[in-house]
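Please read the structure below before turning to the comments.
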Amino acid sequence: MTQQIPAPDLETLLSLFYQDAAEFGIIDATTADDMPTVAQKLLDHEHHMTVTVEDHHNCEVDVQVLETLFTGQAYSRKILLTKQTDSAVVQFGIVRLNFEFLATHIQQKIMAENTPLGRILINHNVLRRVELSQLWEIQAGQDLAELFRVSSGTIVYGRTAWIYCNGEPAIELLEVVTPVQ
196 MTQQIPAPDL
206 ETLLSLFYQD
216 AAEFGIIDAT
226 TADDMPTVAQ
236 KLLDHEHHMT
246 VTVEDHHNCE
256 VDVQVLETLF
266 TGQAYSRKIL
276 LTKQTDSAVV
286 QFGIVRLNFE
296 FLATHIQQKI
306 MAENTPLGRI
316 LINHNVLRRV
326 ELSQLWEIQA
336 GQDLAELFRV
346 SSGTIVYGRT
356 AWIYCNGEPA
366 IELLEVVTPV
376 Q
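Per the numbering used here: the sequence shown ends with 376, consecutive numbering throughout.
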């Protein structure tokens, strides 16, 4: 019998880098039908966000690691993805990886902090499956608003998801896309 893995816990992911979740924003669960078309296209799928935002913006992205936390087998980081063409921010993320399920050379590539996670997994042919858990509507708090260069309270959209590597729930994600026209 297969064990059911619970959805990534949004509060837990936020608490890794925010003492007060309000700095991130006010968050409500939403559905794809209640999202703007572009946000829906960018978030309502079971693919790597690296590939999705690169396709949407028609350019490759770089990762900017803002903060990290390493406890036991769990490596977490708060990141931005930026367009290589103009350095514009296209995505915010919090990721928690269970290194127990990732080979040492993959761990080293991730901890080098210079390549987006999705690109590393793809380039190293890690058998993976992305599982969308929940879509979110977020009123940007002060920190998220500053990172996205928008006004505090601006509505943005995100998702929580798992990435299974070699059949194991190795990576929990919170991914939020910048407002796109």
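Quick reminder that beta carbons are idealized off the backbone N, C-alpha and C, glycines included.
Could you check if LEU368 is buried or exposed, using at least 16 other CB atoms within 10 Å of its CB as the buried criterion?
When all chains shown are included, LEU368 counts as buried.
With three or more beta-carbon pairs closer than 8 Å as the criterion, would you say the stretch 237-256 touches the stretch 270-281?
Contact between the stretch 237-256 and the stretch 270-281 is present, because at least three Cβ pairs lie under 8 Å.
Could you tell me the distance, in whole angstroms, from the CA atom of GLN348 to the CA atom of ALA283?
Looking at the sequence shown, residue 348 is not Gln but Gly. Cα-Cα distance, rounded: 20 Å.
May I ask you to report which of helix, strand or coil DSSP gives GLY313?
GLY313: helix per DSSP, three-state reduction.
By the three-class DSSP mapping on this structure, what secondary structure does LEU209 have?
Three-state DSSP puts LEU209 in a helix.
How about LEU237 and VAL372: are their beta carbons less than 8 Å apart?
In contact: LEU237 and VAL372 (Cβ atoms closer than 8 Å).
Go through its chain and collect everything with a Cβ distance to TYR270's Cβ below 8 Å, but skip five positions before and after it.
Taken in chain order, the residues that qualify are THR263, LEU264, ARG291, LEU292, PHE294, GLN302, ILE305, MET306.
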